[in-house]
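Asks: Going left to right, the sequence shown walks through residues 11 to 194 as the working numbering numbers them. The beta-carbon is built from N, C-alpha and C at its ideal position, and this holds for glycine as well.
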Amino acid sequence: MRTPGGYAAVPVEDFLAQVQGLPLEAVAKLARSGRADAQIQLARLRWSDGDTLTPIDTLRPHAEAGVPVAQYLLGSFLRFRNRDLPGALKWISAAAKQGHPLAQEALAGAHEAGSLALPPSPQEAFRLYLAAGKAGLWHSQMKVALYLCSDRVGPPQKALGAAWLVNSQQSELVPFSPAAAGCE
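1) For L126, which three-state DSSP category applies?
2) For the segment 82-93 and the segment 106-118, state whether three or more C-beta atom pairs, one from each stretch, are separated by less than 8 angstroms.
3) Would you report the Cα separation of W174 and I66, rounded to the nearest angstrom?
4) Once you ignore the five residues that flank K153 on each side, which residues in its own chain have a CB closer than 6 angstroms to its CB?
5) For W101 and Q81, what's the separation of their Cα atoms in angstroms?
6) Pick helix, strand or coil for Q167, following the three-state DSSP scheme.
7) Do you know offhand how far V176's Cα is from L158's?
8) Considering just the uninterrupted stretch of the alpha helix (DSSP H) at V79, what are its terminal residues?
9) Pick out whichever of P111, A38, S131 has its Cα sitting closest to the Cα of R162.
10) Skipping 5 residues on each side, what residues in its chain have a beta carbon closer than 6 angstroms to that of G85?
11) Determine the extent of the alpha helix (DSSP H) in which L147 is found, giving its start and end residues.
12) I need the DSSP call for R93, collapsed to helix, strand or coil.
13) Are there 16 or more other CB atoms within 10 angstroms of the CB of G164, so buried, or fewer, so exposed?
14) Please confirm whether G121 and E134 have their CB atoms less than 9 angstroms apart.
15) F136 to D47, Cα distance in whole Å?
16) Inspect the beta-carbon positions of A105 and L112 and report whether they are closer than 9 angstroms.
Structure follows, in structure tokens:
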């Protein structure tokens, strides 16, 4: 798992761009060679194919070693495939604490909805959406705008909320107008 360049010497996002379109066996061969990034991608591919056990067994050592993307993926697999909510919360929280934007967004949604055995907490949801939004996730940027334009975490700050909404629309096509978001 540890390579001369650290964990997953090639950043996972760069590796994913390299392996798109490669046959599963080619990714599996790279994974067998010990490349952490290939092992993580192989777990994702196997999960997509409906395998519910191999990805967890593959990701757990990387998650335990502190690799944020492995922690986030393991938490997601435990949540959606195995319905292991305490395990999901443990690993998604670990990745979020390390600044993984998708984990921050997932944990924010759990705080917002009161899921994963968490009580609803608009303040914590906002804090996590803000962190993920600053990392460029358009959905989190939109959520920040909605929080700012409402009174859920303090007095409405409609001008700031509208700015976040505009920012989210630059990231992706977002079907919210400032009026629809309550920011006018």
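Replies: To lay it out plainly:
1) Looking at L126 - three-state DSSP - the assignment turns out to be coil, as it is neither helix nor strand.
2) Proximity of the segment 82-93 to the segment 106-118 meets the contact definition, three or more beta-carbon pairs being nearer than 8 angstroms.
3) Taken atom to atom, the span from the alpha-carbon of W174 to that of I66 is near 36 angstroms.
4) Y139.
5) So the two alpha carbons sit approximately 5 angstroms from each other.
6) Here Q167 sits in coil by DSSP.
7) About 13 angstroms.
8) Segment 78-90, the alpha helix (DSSP H) holding V79.
9) Closest by alpha carbon: S131.
10) Within the same chain, A98, W101, I102 come within 6 angstroms of G85 by CB-CB distance, once the 5 residues on both sides are set aside.
11) It is not in any alpha helix (DSSP H) - L147 carries neither H nor E in the DSSP assignment.
12) In this structure, R93 counts as coil in the three-state DSSP scheme.
13) The C-beta of G164 has fewer than 16 other C-beta atoms within 10 Å across all chains shown, which makes the residue exposed.
14) Sequence inspection shows His at residue 121; the Gly mentioned does not correspond to that position. Their beta carbons are under 9 angstroms apart, which means H121 touches E134 by this criterion.
15) Taking the Cα positions, F136 is about 31 angstroms away from D47.
16) Between A105 and L112, the C-beta gap is smaller than 9 angstroms, which places the two residues in contact.
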